[in-house]
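Quick mapping for you: the protein sequence lines, in order, are chains A and B.
Under this note's numbering, the first residue of the first sequence is numbered 628, with each subsequent residue one higher.
Under this note's numbering, the first residue of the second sequence is numbered 54, with each subsequent residue one higher.
Glycine included, every Cβ here is placed at the ideal spot set by N, Cα and C.
It should be emphasised that the depicted structure is a prediction, and the values quoted were computed from it without experimental measurement.
What follows is one structure encoded as structure tokens, with my remarks underneath.
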Amino acid sequence: MRRLHPLTLLVRLVMSSPALGILLLPTLRGQPVDRGTLVLVILYVLVAFPLILAHYIRFRYALTPRELIIESGVLTHRRRNIPIDRIQNVQIERTLLARLLGLARVRIETAGSAETEGEIAFVRLAEAQRLKEQVQTFRRDYGAATQTPPQRRTLLFAMSLGQLLRSGAFRFSLVYLAGIFSGMEYLELTPEDLIDWVVRGRLHWVQEAFAQAPLLATTATLLLAALLGWLAGIVIHVVRFYDFQLWQEGERLYLRSGLFTVAEHVVPNRRIQALVIRTNPLMQHFGWYALEAQLMGIGQETQGVRMLVPFARPGEIQRIAACVWPVAWPAAWEKVSPRMMRRTTIRYLVAGTVLLLGLGWIWPAAHWLLVGVPLGAPLMAWLQYRRHGYALTEQYLFVRQGVFRHRIWCLPYCKMQVFSVRRSLFQRRWKLANLDVDMAGAPFTGTPVVRDLPETVAEQLLQAVYARFQTCWKMQAPSA
Amino acid sequence: MESLDPAIRIVWRIKLLLWTLAGTLLALVYELTHWFAPDRWGPQGFWVLLVLLLGSSLSWWLPKLRYRYWRYALSPEELVLERGVLVRVRTIVPLRRVQHLDIAQDLIERELGLARIVLHTAGTRHSAVVLPGLRQEQAEALREKVRQYLLEDTL
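Given below as structure tokens:
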């Protein structure tokens, strides 16, 4: 049995330090150490450090020609035997700290249940590569008869730095900004203090001008926030997708990207449940799109939506999508009932009014924004209606929806799970219905739903989709 | 399409009454702690009565309505469910998509000899489809039928 690299202790210690930082926060802010904090810190040191050490001592692994054995657990000892032929993939992941120390984390993905997935963190990079290669050789030996010879890798997509920056520029997000602000709130750092500290008494006239004109100050703050949000979006995008590469090897896709943490992912084709093309109005205006795959997995790690192409022209997206499935993207879309506009208008009216009244409670000036609601609601409803549609083809159901986050789903009939038609109280009065096809690996928000179809059409669509689902199974049955 | 066992109404009623009881207790705590407070909302005893009235009328009506709209049908390849008082939902669960299924019973259901079947699929939002209000032997028979289709390959 082998052990982890001793430097793992250091990495884990550093990784656990944010928790200590939170405990020590009042002290870091200059408050005197009180007894409670001291006790907590001592408790933390008494518990966390021995835990890290114990974890290191108890963790062992071994690779035999038949299986990979991982022993771990501090309080409950666990021994995992992962049969070589069940291992789907060995991933090597390197965080920034691990890269500095020459270490790597090895992740083992299997085709079994979640219990057989494993992680070895951390070992020397050479050891990680040895593990990966050994598993591959053993697997080849193991299933020499059944396994096809190793296939050639072809590069499907890569992003240059210029394109990456351009791509990031389109990902405007206030989420990161909100994160920064709440962090500042937590550290009791006000924006004014920060500006005072940066400016240091110069540029005083600007601050005075702002103090005298609240409207100017508000506008400037909003602009600054937008700018910061935009920059934050670019930075996060670059960190995530730096040196993005997508490879194809036989029935698998390989993804690799990251600035500090280079993450490598393998996506077996058969785990892909749906393809999603997404864009926003600005990206669409300049003709840029992104392609995502919805994956079925066993654990939380492997399930969910994986970006296949972060930023490309539609032609390129279609070419790459065609490498996964032979998809012919629809040229014409079926529209849903125009009554959707009425329903959506009412929805936006109610939601907008409630939201603004709530906001007005805190900030009375927001009441003026209520004037915009009767204009904005029908406009949004009209846009929603225009951007919503579906299309049926021989093998796929296509659904598109969303204004600011526009998405086009390609849903194969063979991968559908549960079918439902739902009609709310208001929909029933207008004889409308939603068709909802549940797929595996979908995120909890933003699933494809064909909204507000006329009742009869919804029923027909359900029958059509379900019939195709059944034929798909009948065609598969002889081979299975 | 078949209806559920009529006894399910009693189960639902008891559960709603238990919720009502919990709500009433909360209201009672408020009433007792604010009995003499000058800034209390509403007259004395108002909230307890309100919760009690609303809860008991809901406990009377809702199970009836729910029962009226609950239907299910098992055909050779799929289970079809129809339900919902405000939002009517019609769901088709293809039996081949069922990964595993449980028969579950809580205390009240067991008293009345009822059970519910929970079908687990790989889907996300409807990954657990529940069919309540079956007689225990009925549920077991249904399980045997569904079991023939349980798929081997989940992907």
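Around the beta carbon of residue 765/A, 16 or more other beta carbons sit within 10 angstroms, so the residue counts as buried. At a cut-off of 8 Å between C-beta atoms, residue 713/A does not count as an interface residue with respect to chain B. Distance check between residue 1028/A and each of 754/A, 808/A, 963/A places 963/A closest, using alpha-carbon atoms only.
The three-state secondary structure of residue 692/A, taken from DSSP, is coil. Close CB contacts of residue 61/B within its chain, under the 7 Å cut and outside five residues either way in sequence, are with 120, 167, 185, 186 (chain order). Annotation for residue 84/B: the continuous alpha helix (DSSP H) segment containing it runs 61-86. Beta-bridge analysis with DSSP links residue 931/A to 922/A. At a cut-off of 8 Å, the C-beta of residue 174/B has a neighbouring C-beta in chain A. Cβ contact annotation for residue 650/A (same chain, cutoff 8 Å, sequence separation greater than five): 664, 667, 668, 671, in chain order. Residue 864/A sits buried, since 16 or more C-beta atoms from the chains shown fall within 10 Å of its C-beta. Taking 8 Å as the cut-off, the beta carbon of residue 176/B is found no closer than this to the beta carbon of residue 1063/A. Within the same chain, and ignoring the five residues on either side of residue 883/A in sequence, the residues whose Cβ sits closer than 6 Å to its Cβ are 872, 891. Within the region 807-865 of chain A, no beta strand (DSSP E) run of at least 3 residues lies entirely inside it.
Among the residues facing chain A, residue 84/B is not included, as its CB has no counterpart in that chain under 8 Å away. For residue 682/A, the closest of 731/A, 954/A, 632/A, 728/A by C-alpha to C-alpha distance is 632/A. For residue 189/B, the enclosing alpha helix (DSSP H) has its first and last residue at 189-200. Check the Cα spacing between residue 1090/A and each of 646/A, 1078/A, 982/A, 1040/A: the tightest is with 1040/A.
Residue 144/B and residue 182/B do touch by the CB rule: their CB atoms are close to 6 Å apart, below 8 Å. Within chain A, the residues whose beta carbon sits less than 7 Å from that of residue 179/B are 1045, 1047, 1065, listed in sequence order. Contact annotation for residue 1100/A against chain B: 130, 147, 149 [CB-CB distance below 9 Å, chain order].
Cβ atoms of residue 796/A and residue 635/A stay farther apart than 8 Å, at about 39 Å. Note that the C-beta distance between residue 933/A and residue 919/A is below 8 Å. By the beta-carbon neighbour count (other beta carbons within 10 angstroms, threshold 16), residue 628/A is exposed. With distances taken between CA atoms, residue 99/B lies nearest to 81/B out of 111/B, 112/B, 81/B.
Pairing residue 973/A with residue 1004/A, the inter-Cα distance amounts to about 8 Å. Per DSSP, the beta-bridge partners of residue 872/A are 785/A, 883/A.
Residue nearest to residue 1047/A within the set 115/B, 147/B, 117/B is 147/B (criterion: CA-CA distance). At least one beta carbon of chain A lies nearer than 8 Å to the beta carbon of residue 182/B. When 9 Å is used as the limit between beta carbons, residue 879/A is near no residue of chain B, the shortest such separation being about 14 Å. Residues of chain B whose Cβ lies closer than 9 Å to the Cβ of residue 967/A do not exist; the shortest such Cβ separation is about 17 Å. When rounded, the separation of the alpha-carbon atoms in residue 907/A and residue 1030/A is 7 Å. Ranked by Cα distance from residue 745/A, the first of 689/A, 1042/A, 753/A, 922/A is 689/A. In terms of CA proximity to residue 1024/A, 901/A leads the group 901/A, 914/A, 643/A.
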